[in-house]
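Number 379 marks the last residue of the sequence shown (the working numbering); no jumps. We treat Cβ as the ideally placed atom computed from N, Cα and C, and that holds for glycine. Since we're looking at a predicted model, the values are computed, not measured. Scroll down for the structure; my scribbles are underneath it.
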Amino acid sequence: MSIVKDISKLSLCLNQGSSLTIGNFDGVHIGHQALISKVMEKSREKDLKSIVVTFDPHPLRVILGQTPPFITTTEQKLDLISQLSPDYIVCLEFNKEMARMSAEEFVHYYLVQGLGVKELVIGHDYAFGKDRQGDIHLLRQLGQDYNFHVQQVDPIYRNNSIVSSTRIRKLIQNGQVWQARPLLNRFFQIIGNVVAGQKRGGPLLGVPTANLKLRDELFPKTGVYAVWIECEQSIYPGVANVGYNPTFDMHELSVEVHIFDFDTDIYDRKIRVYFVQRLRDEKKFSGFEELLNQIKMDITKAKEILKDPETSPEISFL
Ligand code: RBF
Ligand code: MG
């Protein structure tokens, strides 16, 4: 598997032709996973290369200048797609010039000439190119002109509604991380480096926390969560607080994790936090003793939750 940014490097090895899908794939949820499996299936059937085409930055960032917070960063997205083992991931730089391309030009230049598409697999609601002209009808037409087959994959339903990145984003913003899990086929996770916090957790409360350096992305609703923490190829149970630490009159969002029975210095390390279940809202306590009592209860509850084999994390090392 390799990640390609410049398709001119690829055309040489595509005499064979390709089965491909194209999309933004924010979250790489089970709907996206189904599309990618279909690409793989077609590539095996017809002896084609399997390719997933995506963009960076997200086209909306270029077209509208603003976007919803993403479930996955580009890095995480590429990592998750590569776990599905297509032959290539093509991550095209999306820029103003590309935004001006008609769907037809895009298909001709990138998919046909660049990637030798023979099988195009697309999602139920996917359309691309300027003004979303590249819908299923146009694609089928272009398929006839350029000799490729288009397959539109049905949406995936869970609890009677379609699985989509928007739906998952809302669940996470509501703190319903447990409900997001089956839609993602994994726990919602964020990755970040451990940075210095307020130096209050260890010294004052006796509950040291690793504070994450936040990147621009989606965060679960503020509150306390049972979590798994991955660090240096190991996974530890713990508890996380997403919030503003109102007890200490702080005003900046922080994500901090307390790892159970752990006293290794992990400053600057990259860690991954898997959000398992939300325990409660963040509160302003009258003092640190009250806060500490509550944190002890949180820890007991989180340990209870994480003991259940149903909550065990799917390991995917950093
Ligand atoms: N801070 C608050 O102001 N209110 C809370 O309800 C709260 N809950 C927390 C729960 C846990 C499990 C942890 C680890 C921290 C919590 N904090 C809360 C954050 C706490 O203020 C912070 O860890 C210390 O100030 C050290 O930065
Ligand atoms: Mg801390």
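Would residue i and residue j qualify as a contact pair, given that the criterion is a beta-carbon distance under 8 Å?
| i | j | result |
| --- | --- | --- |
| residue 254 | residue 231 | no |
| residue 155 | residue 87 | no |
| residue 66 | residue 152 | yes |
| residue 204 | residue 211 | yes |
| residue 124 | residue 160 | yes |
| residue 350 | residue 258 | no |
| residue 80 | residue 111 | yes |
| residue 85 | residue 119 | yes |
| residue 134 | residue 89 | no |
| residue 219 | residue 244 | yes |
With a threshold of 7 Å (Cβ to nearest heavy atom), would residue i be considered close to the ligand NAP?
| i | result |
| --- | --- |
| residue 258 | No copy of the ligand NAP occurs in the structure displayed; its ligands are the ligand RBF and the ligand MG alone. |
Please state the DSSP three-state secondary structure of residue i.
| i | result |
| --- | --- |
| residue 117 | strand |
| residue 319 | strand |
| residue 340 | strand |
| residue 362 | helix |
| residue 230 | helix |
| residue 250 | strand |
| residue 141 | helix |
| residue 92 | helix |
| residue 181 | strand |
| residue 204 | helix |
| residue 375 | coil |
| residue 267 | coil |
| residue 259 | coil |
| residue 154 | strand |
| residue 273 | strand |
| residue 162 | coil |
| residue 345 | coil |
| residue 102 | helix |
Considering only residues of the same chain and omitting the five flanking positions on each side of residue i, which have a CB-CB separation below 6 Å?
| i | result |
| --- | --- |
| residue 172 | 178 |
| residue 363 | 287 and 300 |
| residue 92 | 217 and 224 |
| residue 348 | none |
| residue 435 | Outside the displayed span of the chain (62 to 379) sits residue 435, for which this structure offers no information. |
| residue 249 | 233, 238, 241 and 336 |
So, for residue i: in the same chain, excluding its five sequence neighbours on each side, which residues have a beta-carbon less than 8 Å away from its beta-carbon?
| i | result |
| --- | --- |
| residue 305 | 283, 311, 312, 313, 314, 315 and 343 |
| residue 269 | 262, 263, 319 and 324 |
| residue 127 | 121 |
| residue 353 | 266, 267 and 268 |
| residue 191 | 160, 161, 162, 163 and 164 |
Per DSSP, what are the beta-bridge partners of residue i in this structure?
| i | result |
| --- | --- |
| residue 63 | 149 |
| residue 189 | 195 |
| residue 298 | 289 |
| residue 82 | 113 and 182 |
| residue 333 | 252 and 291 |
| residue 222 | 219 |
| residue 213 | 183 |
| residue 284 | 303 |
Suppose the cutoff is 7 Å on Cβ atoms and the five residues either side in sequence are ignored; what does the same chain contact list for residue i look like?
| i | result |
| --- | --- |
| residue 372 | 337 and 366 |
| residue 236 | 281, 282, 284 and 339 |
| residue 247 | 375 |
Practice task
Flag this pair as touching only if the segment 137 to 153 and the segment 111 to 120 have three or more C-beta atom pairs under 8 Å; answer yes or no.
Solution key: Yes, they touch.
Problem - the segment 182 to 199 contacting the segment 143 to 150, beta-carbon criterion three pairs below 8 Å - result: Because the criterion of three Cβ pairs below 8 Å is not met, the segment 182 to 199 and the segment 143 to 150 do not touch.
Problem - At least three beta-carbon pairs within less than 8 Å, the segment 330 to 346 to the segment 282 to 299 - result: Taking a cut-off of 8 Å for Cβ pairs, the segment 330 to 346 and the segment 282 to 299 touch, as three or more such pairs fall below it.
Exercise for the section: Evaluate the contact criterion for the segment 90 to 107 versus the segment 191 to 199: three or more CB pairs, one atom per stretch, below 8 Å. Expected result: They do not touch, by the three-pair rule.
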